[in-house]
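Input: a single structure, listed below in structure tokens.
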Amino acid sequence: MSVLTKATGIPEDLYHRAYTFCTRLLTLPAPYSTVALDCAIRLKTETAVPGTLYQRTVIAEQNLISELYPYQERVFLFVDPELVSASVCSALLLEIQAAQEQQTPEACMRHVVSHALQAALGEACHTGALNRKLQASSRRVLEYYFHAVVAAIEQVASEDSPSRLGHLEKMEEIYCSLLGPSTTRRRCVGDLLQDRLPSIPLPSPYITFHLWTDQEQLWKELVRFLRPRSQLRLSADLDALDLQGFRLDRDLARVSTDSGIERDLPLGSDELPDPSSSEMERAALQRKGGIKKRVWPPDFFMPGSWDGPPGLHRRTGRPSGDGELLPGVSRVHTARVLVLGDDRMLGRLAQAYYRLRKRETKKFCLTPRLSLQLYYIPVLAPQVTGQDPEASRKPELGELASFLGRVDPWYESTVNTLCPAILKLAEMPPYLDTSRTVDPFILDVITYYVRMGTQPIYFQLYKVKIFTSLSHDPTEDIFLTELKVKIQDSKSPKEGSSPRRRGAAEGTGAELSMCYQKALLSHRPREVTVSLRATGLVLKAIPAGDTEGFSHCTSPKAASATDCSCLHVSVTEVVKSSNLAGRSFTTSTNTFRTSSIQVQSQDQRLLTLWLDKDGRRTFRDVVRFEAGPCPEPCSRTQKSKTSAFNSHGQETEKNMAKPNSLLMPINTFSGIIQ
Numbered sequence: 001m002s003v004l005t006k007a008t009g010i011p012e013d014l015y016h017r018a019y020t021f022c023t024r025l026l027t028l029p030a031p032y033s034t035v036a037l038d039c040a041i042r043l044k045t046e047t048a049v050p051g052t053l054y055q056r057t058v059i060a061e062q063n064l065i066s067e068l069y070p071y072q073e074r075v076f077l078f079v080d081p082e083l084v085s086a087s088v089c090s091a092l093l094l095e096i097q098a099a100q101e102q103q104t105p106e107a108c109m110r111h112v113v114s115h116a117l118q119a120a121l122g123e124a125c126h127t128g129a130l131n132r133k134l135q136a137s138s139r140r141v142l143e144y145y146f147h148a149v150v151a152a153i154e155q156v157a158s159e160d161s162p163s164r165l166g167h168l169e170k171m172e173e174i175y176c177s178l179l180g181p182s183t184t185r186r187r188c189v190g191d192l193l194q195d196r197l198p199s200i201p202l203p204s205p206y207i208t209f210h211l212w213t214d215q216e217q218l219w220k221e222l223v224r225f226l227r228p229r230s231q232l233r234l235s236a237d238l239d240a241l242d243l244q245g246f247r248l249d250r251d252l253a254r255v256s257t258d259s260g261i262e263r264d265l266p267l268g269s270d271e272l273p274d275p276s277s278s279e280m281e282r283a284a285l286q287r288k289g290g291i292k293k294r295v296w297p298p299d300f301f302m303p304g305s306w307d308g309p310p311g312l313h314r315r316t317g318r319p320s321g322d323g324e325l326l327p328g329v330s331r332v333h334t335a336r337v338l339v340l341g342d343d344r345m346l347g348r349l350a351q352a353y354y355r356l357r358k359r360e361t362k363k364f365c366l367t368p369r370l371s372l373q374l375y376y377i378p379v380l381a382p383q384v385t386g387q388d389p390e391a392s393r394k395p396e397l398g399e400l401a402s403f404l405g406r407v408d409p410w411y412e413s414t415v416n417t418l419c420p421a422i423l424k425l426a427e428m429p430p431y432l433d434t435s436r437t438v439d440p441f442i443l444d445v446i447t448y449y450v451r452m453g454t455q456p457i458y459f460q461l462y463k464v465k466i467f468t469s470l471s472h473d474p475t476e477d478i479f480l481t482e483l484k485v486k487i488q489d490s491k492s493p494k495e496g497s498s499p500r501r502r503g504a505a506e507g508t509g510a511e512l513s514m515c516y517q518k519a520l521l522s523h524r525p526r527e528v529t530v531s532l533r534a535t536g537l538v539l540k541a542i543p544a545g546d547t548e549g550f551s552h553c554t555s556p557k558a559a560s561a562t563d564c565s566c567l568h569v570s571v572t573e574v575v576k577s578s579n580l581a582g583r584s585f586t587t588s589t590n591t592f593r594t595s596s597i598q599v600q601s602q603d604q605r606l607l608t609l610w611l612d613k614d615g616r617r618t619f620r621d622v623v624r625f626e627a628g629p630c631p632e633p634c635s636r637t638q639k640s641k642t643s644a645f646n647s648h649g650q651e652t653e654k655n656m657a658k659p660n661s662l663l664m665p666i667n668t669f670s671g672i673i674q
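In full-length UniProt numbering, the protein residues as written are 1 to 674.
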């Protein structure tokens, strides 16, 4: 599809053969049918009106102003300077700047006009004369022909049965107006040689580079994208921001001005119109002067409805489209957030995604106008050679990237192989000669990924409640890949903790009381409570092995229900044994799967928690923690309704709908196919 979007002069027969091939794939299971449907829609659009995909791509990605196609896109590249080296950041920034210096608005408009005329006229287009004319034209002339070409293509593309002959006549008229009738009739040898110029380039999308240093930086950048800088005022309280043309808390209702008594009606209001008139029909369906309520979509205040129906952990599907979530409010902006780093960076992205969703429940301003797409490129630190493996051993920081590569082979061969190239680019000395053309290899792969990566894989976010004292409120946080627990060496007593058991000091580790919901294939609740002595435990949300969880299932979809929607818990248990030499202690690892778990220390030994392998997200002196799927953030309206129902009794609480789990999508090329 990338080649078909960029190229011109493709025979119509090739379009039809590719379209027929895609329609045959619709009989296959997802995600093959999903990808085939997306490609078939694009092929049908391009076949009807050649040049449509190229024009729409350039307009949206370069933020060119067009009333007929108002969609805008932007790629936000986020890098954590504490996780990615300064050399890598500098190399990426220089490559992006070098490529975008040549992508001025005038150059992009020239590309759109030239590509549209060549795609429509074919060999009848004098490429050399056209390029010379566009290069010599002023910005005002370029804008005139740019809007003329856009209007010609969009008007034909919006028709139910577009006429290719009518489109050809409009493009010939624009072509003759641009070059003149005398130039269009001449065709000399020089023109024939210049017509063999390379194909028109497809500019890379507009990319902004950001060092992630602020917790609210993602939300601020999305707001800046939606509103012009001249109208944007970021105050200390960002919740006070109200997007132009959309106020959720106002005009929700209109109070009636009449009393409901006939004698209070204005004079002449009892005169009815003709029964056969349209006014009589409208009067029968409306009540003038009454209470006017705004009809919101079902589950409007639940953010789970913003990205489609809820589903299982790591489910796949098409990303949310450009439809209207609210009447009269179109989602014409698409923010493609691309993060570079390891699993620690993804943990930070999960935190920002949760805060964004939670903020939207209070001030519903971004989601109706913005389609948010998330992308991930792993950048891992190079392994140190020549050192002791035990001394240099670090936790695996690329588990999620490995999982994406296992389920999507195209992601593995295209994105996962980019990490060595990025590290090699950072080691190369910078070019001092600015006139030398830079080969944007990294930028080309990023462009291909954000354009063709349309199939998201949804990952379950998990919430953990951390108690440093049982008499105080817990601290809440979010993790995506891993929660690691270790026993602290100190034995300082904490308020509210359980009394120390006799013999607890014997051996290593600590006495832990665990209560968890066992993950079953039938999804029936089964609570298990156990006490044991352990030195630590690890909760993982990503399967580690290639076949883990799929050995007892006939399909990946069936495996997702048990293996991919639960936590994999590994407990290092201390086993005490007695022999002739005395007592000895050995350790063994027990594993099980659970949907939620509660762990509490029983002998005044405190715990230390690490979230998503990030040393900056460490919690010490913990006596108890609870981990489970993170629910969708609820609005104040829903919380008030929940408390009202709960005040009636336990029976009403059982009948309430369980909140959906919060899923974070990461776009890939095909979704889960293995």
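Backbone N, C-alpha and C define an ideal beta-carbon position, used for all residues, glycine too. Note that the structure is predicted; figures quoted are calculated from it, not measured.
Around the Cβ of residue 40, are there at least 16 other Cβ atoms within 10 angstroms (buried) or fewer (exposed)?
Here residue 40 is taken as the residue at index 40 of the sequence shown, counted from 1. The C-beta of residue 40 has 16 or more other C-beta atoms within 10 Å across all chains shown, which makes the residue buried.
Requested in this report: Drop a sphere of 10 angstroms on the beta-carbon of residue 136, count the other beta-carbons inside from all chains shown, and report buried for 16 or more, exposed for fewer.
Outcome: The sequence position of residue 136 within the sequence shown is 136, counting from 1. With a 10 Å radius around the Cβ and a threshold of 16 neighbouring Cβ atoms, residue 136 comes out exposed.
Skipping 5 residues on each side, what residues in its chain have a beta carbon closer than 7 Å to that of residue 405? Translated into the one-based positions of the sequence shown, residue 405 becomes position 405. Only 411, 412 and 416 meet the Cβ criterion.
Measuring only the C-alpha atoms, how far is residue 467 from residue 621? Along the sequence shown, one-based indexing puts residue 467 at 467. Along the sequence shown, one-based indexing puts residue 621 at 621. Taking the straight line joining both Cα atoms gives about 9 Å.
Bounding residues of the alpha helix (DSSP H) (the contiguous stretch that carries residue 610):
Taking the first residue of the sequence shown as 1, we reach residue 610 at position 610. That residue, residue 610, is in no alpha helix (DSSP H); its beta strand (DSSP E) goes 607–611.
Decide if residue 340 is buried, meaning its Cβ has at least 16 other Cβ atoms within 10 Å, or exposed.
Against the sequence shown, residue 340 aligns to sequence position 340. Buried: at least 16 other Cβ atoms inside 10 Å.
| Through-space distance from residue 529 to residue 670, alpha-carbon basis | Numbered from 1 along the sequence shown, position 670 holds the residue referred to as residue 670. Numbered from 1 along the sequence shown, position 529 holds the residue referred to as residue 529. So the two alpha carbons sit approximately 41 Å from each other.
### Query
Between which two residues does the beta strand (DSSP E) containing residue 169 stretch?
Counted from its first residue, the sequence shown places residue 169 at position 169. Here residue 169 belongs to no beta strand (DSSP E); instead the alpha helix (DSSP H) covers 164–179.
Look at the alpha carbon of residue 370 and the alpha carbon of residue 524, and state the distance between them as a whole number of angstroms.
Residue numbering aside, residue 370 sits at position 370 when the sequence shown is read from its first letter. Residue numbering aside, residue 524 sits at position 524 when the sequence shown is read from its first letter. One C-alpha to the other measures close to 38 Å.
Quiz prompt | Local conformation of residue 644 per DSSP, three classes | solution = If you number the sequence shown from 1, residue 644 lands on position 644. In this predicted model, residue 644 has a pLDDT of only 46, less than 50, meaning its place in the structure is not dependable; the value taken from the coordinates is given anyway. Three-state result, residue 644: helix.
Any idea what DSSP makes of residue 59, helix, strand or coil?
Here residue 59 is taken as the residue at index 59 of the sequence shown, counted from 1. In this structure, DSSP gives residue 59 a helical state, which the three-state scheme calls helix.
Original post:
If you drop the 5 nearest sequence neighbours on each side, which residues of the same chain put their C-beta closer than 7 Å to that of residue 584?
Top reply: Along the sequence shown, one-based indexing puts residue 584 at 584. Contacts found: 577.
Mapping the DSSP letters down to three states, classify residue 23 as helix, strand or coil. As a working note, residue 23 is residue 23 in the sequence shown. Of the three classes helix, strand and coil, the one that applies to residue 23 here is helix, per DSSP.
The alpha helix (DSSP H) that contains residue 407, what's its start and end? Looking up residue 407 in the sequence shown gives position 407. Here the alpha helix (DSSP H) through residue 407 covers 399–407.
* Asked: Name the DSSP beta bridge partners of residue 484, please?
  -> If you number the sequence shown from 1, residue 484 lands on position 484. According to DSSP, residue 484 bridges with 538 and 610.
In the DSSP output, what is residue 477 paired with across the bridge?
Sequence index remark: in the sequence shown, residue 477 carries index 477 (1-based). For residue 477, the beta-bridge partners assigned by DSSP are 464.
Beta strand (DSSP E) segment containing residue 518, residue limits
Counted from its first residue, the sequence shown places residue 518 at position 518. 510–518 is the extent of the beta strand (DSSP E) around residue 518.
### Cβ-based burial, residue 408 [other Cβ within 10 Å; buried from 16]
Indexing the sequence shown from 1 puts residue 408 at position 408. Answer is buried; the Cβ neighbour count reaches 16.
- Task: Kindly list the residues whose CB is nearer than 6 Å to the CB of residue 337, restricted to its own chain and excluding five residues on each side of it in sequence; keep chain order.
- Result: Translated into positions along the sequence shown, residue 337 becomes position 337. Result list for residue 337: 76 and 374, in chain order.
Please list, in chain order, all residues of the same chain as residue 36 whose beta carbon is under 7 Å from its beta carbon, the five residues on each side excluded. Start at 1 with the first residue of the sequence shown, and residue 36 comes out as number 36. The residues are 22, 25 and 26.
Tell me whether residue 180 is buried or exposed, calling it buried when 16 or more other Cβ atoms sit within 10 Å of its Cβ. Within the sequence shown, numbered from 1, the residue matching residue 180 stands at position 180. Classified as exposed, residue 180 has fewer than 16 neighbouring CB atoms from the shown chains inside 10 Å of its CB.
Through-space distance from residue 80 to residue 110, alpha-carbon basis = Sequence index remark: in the sequence shown, residue 110 carries index 110 (1-based). Sequence index remark: in the sequence shown, residue 80 carries index 80 (1-based). One C-alpha to the other measures close to 37 Å.
Extent of the continuous alpha helix (DSSP H) run through residue 377: Counting from 1 along the sequence shown, the entry for residue 377 is found at position 377. Not the alpha helix (DSSP H): residue 377 falls in the beta strand (DSSP E), residues 370–378.
Check: Between residue 103 and residue 203, is the Cβ-Cβ spacing less than 8 Å?
Finding: In the sequence shown, residue 103 corresponds to position 103, counting from 1. In the sequence shown, residue 203 corresponds to position 203, counting from 1. It is a contact, given that the beta carbons lie within the stated cut-off.
For residue 370, decide whether its Cβ has a neighbour in chain B, counting only Cβ atoms nearer than 8 Å.
Here there is only one protein chain, and chain B is not present.
Since residue 693 and residue 566 are thought to touch, with beta carbons under 8 Å apart, how far apart are those beta carbons, to the nearest angstrom?
With the chain covering only 1 through 674, there is no way to say anything about residue 693.
request  = Determine the extent of the alpha helix (DSSP H) in which residue 676 is found, giving its start and end residues.
outcome  = Here the chain covers residues 1 to 674 and nothing more, so residue 676 does not appear.
Using only the alpha-carbon positions, how far apart do residue 71 and residue 59 sit? For this step, residue 71 is matched to residue 71 along the sequence shown. For this step, residue 59 is matched to residue 59 along the sequence shown. Using only the alpha carbons, I get a separation of about 8 Å.
* Return the bridge partner residues of residue 628 from the DSSP annotation. => In the sequence shown, the residue the question calls residue 628 occupies position 628. Under DSSP, residue 628 takes part in a beta bridge, and its partners are 463.
Who does residue 664 pair with in a DSSP beta bridge? By 1-based counting over the sequence shown, the position of residue 664 is 664. Answer by DSSP bridge pairing, in chain order: 459.
Here's a check: name, in chain order, each residue in its chain whose Cβ is nearer than 7 Å to the Cβ of residue 178, leaving out the five neighbours to either side. On the sequence shown, residue 178 is found 178 positions in, with the first residue counted as 1. Here residue 178 has 133 and 145 as same chain residues with Cβ atoms under 7 Å from its own Cβ, once five neighbours each way along the sequence are excluded.
Only counting the same chain, and skipping five residues up and downstream in sequence, which positions put a Cβ closer than 7 Å to that of residue 659?
Working through the sequence shown from its first residue, we reach residue 659 at position 659. If you ignore the 5 residues before and after residue 659, its C-beta comes within less than 7 Å of the C-beta of 631, 632 and 634, all in its own chain and listed in chain order.
Q.
Let me confirm a value: residue 401 is counted as buried when at least 16 other C-beta atoms fall within 10 Å, else exposed. Which label applies?
A. In the sequence shown, residue 401 corresponds to position 401, counting from 1. Buried, because 16 or more other Cβ atoms sit within 10 Å of the Cβ of residue 401.
Please classify residue 86: is it buried, with 16 or more other beta-carbons within 10 angstroms of its beta-carbon, or exposed? As a position in the sequence shown, residue 86 is number 86, starting the count at 1. Under this definition residue 86 is an exposed residue.
- Query: Are the beta-carbon atoms belonging to residue 611 and residue 459 less than 8 Å from one another?
  - Reply: What you label residue 611 is simply residue 611 of the sequence shown in a count that begins at 1. What you label residue 459 is simply residue 459 of the sequence shown in a count that begins at 1. Going by beta carbons, residue 611 and residue 459 fall outside the 8 Å limit.
In the DSSP assignment, find the unbroken beta strand (DSSP E) run with residue 340 in it and report its ends. Translated into positions along the sequence shown, residue 340 becomes position 340. Where residue 340 is concerned, the enclosing beta strand (DSSP E) stretches over 333–341.
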